[in-house]
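S.K.: Have a look at this one.
Residue numbers (mature numbering (1 follows the signal peptide of the UniProt record, and there is no 0)): -16 to -1, 1 to 80.
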């Protein structure tokens, strides 16, 4: 019984702890289908994006995401599923 109480208390403490950047972070992309944050070089009518990669470094909000992609000469996008650097179905990130 004591073990269960101690384990429950530990788990509750872990779940209640805030994440390191909780105050400074914001979602970059909508959860669900368009959830992959990508830096892409070419956007073809919003249907396909070419030469895509994950953003360099750690980005906490839309402004940092846009700046990180611009630094490497690419555009911030939220895409469905990246396959070999090509993304199909991309949209503008939240907050832009």
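All C-beta atoms, glycine included, are put in the ideal place defined by N, C-alpha and C.
Quick caveat: nothing in here was measured; it's all calculated off a predicted structure.
1) Going by beta-carbon coordinates alone, are residue 16 and residue 46 separated by less than 8 Å?
2) Check whether the Cβ atoms of residue 34 and residue 70 sit closer than 8 Å, and answer yes or no.
3) I need the boundaries of the beta strand (DSSP E) containing residue 21, first residue and last residue.
4) As a quick exercise: from 77, -15 and 65, pick the residue whose alpha carbon is nearest that of residue 51.
5) Is it buried or exposed, residue 54, if we count other Cβ atoms within 10 angstroms and call 16 or more buried?
M.R.: Walking through what the data contain:
1) Their beta carbons are not under 8 Å apart, which means residue 16 does not touch residue 46 by this criterion.
2) Their beta carbons are under 8 Å apart, which means residue 34 touches residue 70 by this criterion.
3) Taken as a continuous stretch (DSSP letters only), the beta strand (DSSP E) holding residue 21 covers 20 to 24.
4) Residue 51 has its Cα closest to that of 77, out of 77, -15 and 65.
5) With fewer than 16 Cβ atoms within 10 Å of its Cβ, residue 54 is classed as exposed.
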